[in-house]
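Novice: Okay, here's the structure, questions in a sec.
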Amino acid sequence: MSANVTAMVNGTQSMSSCFNPTATRIGGTFAYCLLFVVSLAANTFIGIIVYRTKTLRTPINILIVNMALSDLLYPIFLFPKIFVELNTAGHWLVGGPLGHAACKLSSFAADVSTLVSIQSLLLIAVDRFVAVVFPLRSPLISSKQCRYFILVIWIVAMAVHCPYLIAFKVLEYSEGLFCRWQRNDIFGEFLSQQTYILGLIVVTSYVPLVLISILYFVISLKIKSQKMPGKQSANARERRLKKERNVLNMSVAIVLVFAVCWLPLSIYALLFHYSSNMAMRSSCGMEYFKIIAFLMARSYCAVNPCICFIFSGNYRQGLKNLFGCFPTGEAAYATVNATQPSNCYNPTALRIGHTIAYCVIFIISVVGNS
C-alpha cells in the first residue's frame with residue numbers, strides 16, 4: 040500500500056512549496072539511511088539467531104523470521120528507490136527493460152512485504168489463541184506445517200499485489216524519466232482506482248487488525264482466569280503463566296507497533312482519494328501529515344525486529360552469542376595489547392557488519408555525488 044499510494048500521489052500532485060528542498064533532501068536521506076542500516080542489520084540478526092539456536096525453532100519464531108525476511112525487501116528494493124528520488128527530484132535514472140523491471144519490483148516487493156507481515160501476525164494470534172484457550176488440544180501449527188503456511192502467505196501476498204507488475208511503468212516526460220502507476224492499464228472501466236485502494240486498505244489492514252485484537256482480548260481474559268488442572272505446584276503454574284505472558288506481551292507489542300506505523304498512512308490514503316475538499320488536500324498541513332505517515336509506515340521494517348530484542352531474553356542472548364565475547368576491564372586492556380590476534384569476534388557477525396558498513400558508505404557516496 041505504501042508504494043501504491045506514493046506513486047498515485049506523485050502522479051497527481053506537483054512538488055509542494057511547503058518545504059525547503061535542500062532540508063527535505065538532507066533530512067530524508069538521513070532518516071532513510073538510518074532505517075536502511077537498522078532494518079538490514081536487525082532483520083538479518085533475527086534470521087541468523089533463530090537458525091543457529093535450535094530451541095528457538097518454534098512456529099512463532101519461524102513466523103517472526105518470515106516477517107524479518109519480508110522486512111528485508113524494504114532495504115533491498117524500496118529504500119534505494121527512495122534515495123534516488125530524494126536526490127533527483129523524483130526522477131527515475133534507468134530506462135529500458137532494466138529500468139522497467141526495477142520500477143515494478145521496488146513497489147511490488149515493498150507492499151508484498153507488508154501483507155506478509157500482517158498475515159504472519161494473524162497466524163501468530165490464531166496459534167496463541169488455540170494454545171491458551173484450548174491447552175489440551177494438539178498445537179494448531181507445528182514446525183513442519185509452518186513452512187506450508189509460510190508458502191501460502193507469500194503466494195497470497197504476491198497474488199494480491201500482482202497488478203503492480205502491470206500498472207507500474209517508467210514514463211518519459213520532458214523533465215525526464217519517472218516511475219509511475221498507470222491506472223488504466225490494469226483497471227479500465229471495470230474497477231475504479233478509489234475502489235481498489237479502499238479494498239486494499241480494508242482487506243489488508245483493518246480486517247486483520249480487528250481479528251487480531253479480538254483474539255488477543257480473549258487470550259488475555261483466559262490467562263487472567265486460568266487455573267492449572269491437577270496437583271501442579273504453584274511454582275510450576277507461575278512459570279507457565281509467566282512464559283505465556285512474555286510471549287503474549289511480545290506478540291501484542293508487535294501488533295501495536297504495526298497499527299501505529301501503518302494506520303496514519305491508511306488514513307492519509309482515504310483522505311486523499313475520498314475528500315472533496317481540494318484546499319485541505321493541497322494544504323501544508325496535509326503535506327506534513329503525508330511526510331510523517333510515509334516515514335512511520337516505512338519505519339516498521341526497522342522497528343519490528345527491535346521489538347523482538349526488547350521483549351525476548353532469548354533473542355538478546357542469541358545476539359550476544361552471535362557477536363562472541365567482548366572482554367571488559369583489565370581483560371579488555373590485555374586483549375588490546377596482546378601480540379596475537381584475538382578470537383573473540385564471530386566471523387559471521389564480522390562479515391555482516393562489514394557488509395552493512397560498506398553499503399552505508401556506498402549510499403553516502405552516491406548521495407554526495409548526486
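Start counting at 1 in the sequence shown, then tack on 39, and there's your number in this note's numbering.
Think of the CB as a built atom: it goes at the ideal place given N, C-alpha and C, for glycine as much as any other residue.
So is the beta-carbon of L309 under 7 Å away from any non-hydrogen atom of the ligand FMN?
Specialist: With respect to small molecules bound, the structure shown includes none, and the ligand FMN cannot be examined in it.
Novice: Indicate whether A149 and L112 have their beta-carbon atoms separated by less than 8 Å.
Specialist: Against the sequence shown, residue 149 aligns to sequence position 110. Against the sequence shown, residue 112 aligns to sequence position 73. Yes.
Novice: In the structure shown, what three-state DSSP assignment does F217 receive?
Specialist: Here residue 217 is taken as the residue at index 178 of the sequence shown, counted from 1. Strand.
Novice: If we count the other Cβ atoms within 10 Å of its Cβ and call it buried at 16 or more, is P202 buried or exposed?
Specialist: Counting from one through the sequence shown, the residue named residue 202 turns up at place 163. That one is buried.
Novice: Identify which residue in I180, R96, Y90, R219 has its Cα closest to the Cα of S145.
Specialist: Position 106 of the sequence shown holds residue 145. Taking only the C-alpha atoms, the option nearest S145 is R219.
Novice: Expressed to the nearest angstrom, what Euclidean distance is found between the alpha-carbon atoms of L310 and S213?
Specialist: Here residue 310 refers to the residue found at position 271 of the sequence shown. Here residue 213 refers to the residue found at position 174 of the sequence shown. So the alpha carbons of these two residues sit roughly 31 Å apart.
Novice: For the stretch 339-359 against the stretch 95-115, do three or more pairs of beta-carbon atoms, one drawn from each stretch, fall closer than 8 Å, so that the two count as touching?
Specialist: In this structure the stretch 339-359 touches the stretch 95-115; the number of beta carbon pairs closer than 8 Å is three or more.
Novice: Assuming S159 contacts N100 (C-beta within less than 8 Å), just tell me the rounded distance between them.
Specialist: Translated into the one-based positions of the sequence shown, residue 159 becomes position 120. Translated into the one-based positions of the sequence shown, residue 100 becomes position 61. Not confirmed; about 11 Å, so no contact.
Novice: At which residues does the beta strand (DSSP E) containing F207 begin and terminate?
Specialist: Counting from 1 along the sequence shown, the entry for residue 207 is found at position 168. Taken as a continuous stretch (DSSP letters only), the beta strand (DSSP E) holding F207 covers 207-212.
Novice: When you compare each of F256, N360, I236 to Y313 by their alpha carbons, which one comes out closest?
Specialist: For this step, residue 313 is matched to residue 274 along the sequence shown. Distance check between Y313 and each of F256, N360, I236 places I236 closest, using alpha-carbon atoms only.
Novice: Out of curiosity, what's the CA-to-CA distance linking L280 and A336?
Specialist: By one-based count along the sequence shown, residue 280 stands at place 241. By one-based count along the sequence shown, residue 336 stands at place 297. Computed Cα separation, rounded: 33 Å.
Novice: Measure the alpha-carbon distance for C347 versus I103 and round it to whole angstroms.
Specialist: Along the sequence shown, read from residue 1 onward, the residue named residue 347 stands at position 308. Along the sequence shown, read from residue 1 onward, the residue named residue 103 stands at position 64. Distance between the alpha carbons of C347 and I103: 9 Å.
Novice: Under three-state DSSP, which class holds I180?
Specialist: Your numbering for residue 180 matches position 141 in the sequence shown. DSSP places I180 in coil when its eight states are reduced to three.
Novice: Roughly how many angstroms lie between the CA atoms of G215 and L334, to the nearest whole one?
Specialist: The residue given as residue 215 occupies position 176 in the sequence shown. The residue given as residue 334 occupies position 295 in the sequence shown. Near 26 Å, if we compare the C-alpha coordinates of L334 and G215.
Novice: Under the assumption that V172 contacts V257 (Cβ atoms under 8 Å), give the Cβ distance between them as a whole number of angstroms.
Specialist: Indexing the sequence shown from 1 puts residue 172 at position 133. Indexing the sequence shown from 1 puts residue 257 at position 218. About 7 Å; that satisfies the 8 Å criterion.
Novice: Starting from the C-beta of R64, find all residues in its chain whose C-beta is less than 7 Å away, skip the five residues before and the five after it, and write them out in chain order.
Specialist: Position 25 of the sequence shown holds residue 64. Within the same chain, R64 has close Cβ partners L125, N126.
Novice: Would a C-beta distance cut-off of 8 Å place I240 and A308 closer than the cut-off?
Specialist: Residue mapping note: residue 240 aligns to position 201 of the sequence shown, counting from 1. Residue mapping note: residue 308 aligns to position 269 of the sequence shown, counting from 1. The answer is yes: Cβ separation under 8 Å.
Novice: Could you compute how far the alpha carbon of V209 sits from the alpha carbon of H130?
Specialist: Start at 1 with the first residue of the sequence shown, and residue 209 comes out as number 170. Start at 1 with the first residue of the sequence shown, and residue 130 comes out as number 91. For V209 and H130, the gap between their C-alpha atoms comes out near 10 Å.
Novice: Am I right that L179 and V191 are in contact with their C-beta atoms under 8 Å? What's the rounded C-beta distance?
Specialist: Against the sequence shown, residue 179 aligns to sequence position 140. Against the sequence shown, residue 191 aligns to sequence position 152. With 8 Å as the limit, L179 and V191 do not qualify as a contact, their Cβ atoms being about 14 Å apart.
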